[in-house]
Amino acid sequence: MDVYTEFAAKASKYKNPVNDVGVTSLWGIDDIQNVLSDTEIEFKKEHSFTPSKLVDELKPFDRVLFKMMFTGSVYRKLYRLLELELVE
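Numbering (numbering that gives the first Met the number 0), first residue to last: 0 to 87.
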């Protein structure tokens, strides 16, 4: 599941591609456990949007720029890629 954080959802009202299709409301998730409580879905793990193997293939300048913009704690304040599983 690809999710915005609460901060990113609030900030996205200014510039977001989904606005072009008429979306008027977005919401974000900071703590997936709160959303999943009382469901049959469990959180498995968080994935990176930018696997280090691919980042390491970039040219040195691009690698540094990419890491500053799209990895680590700064990026996690905006987006999350979560793996969930239905519990049977």
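A virtual CB, placed ideally from N, CA and C, is assigned to each residue, including glycine.
Just so we're clear, the structure is a prediction, and the values are computed from it rather than from any experiment.
Within its chain, find whatever has a CB closer than 7 Å to the CB of residue i; leave out the 5 residues flanking it on each side and keep chain order.
i: residue 44; result: 82
i: residue 42; result: 31, 32, 35, 81 and 83
i: residue 76; result: 4 and 6
What is the residue span of the alpha helix (DSSP H) that residue i lies within?
i: residue 35; result: 31 to 35
i: residue 61; result: 59 to 69
i: residue 54; result: 51 to 54
Considering only the alpha carbon of each residue, which of the options lies closest to residue i?
i: residue 47; options: 26, 39, 69 and 38; result: 69
i: residue 9; options: 64, 53, 19 and 24; result: 24
Where DSSP assigns a beta bridge to residue i, which residues make up the other side?
i: residue 79; result: 2
i: residue 44; result: 82
Less than 6 Å between C-beta atoms, sequence neighbours within five positions excluded: which residues of the same chain meet that for residue i?
i: residue 2; result: 28 and 79
i: residue 0; result: 81 and 83
Just to check my reading of the structure: residue i and residue j have Cβ atoms closer than 8 Å, yes? What is that Cβ distance to the nearest angstrom?
i: residue 73; j: residue 65; result: Incorrect: roughly 12 Å between the Cβ atoms, too far for contact.
i: residue 56; j: residue 85; result: Rounded, the Cβ-Cβ distance is 35 Å, inconsistent with contact.
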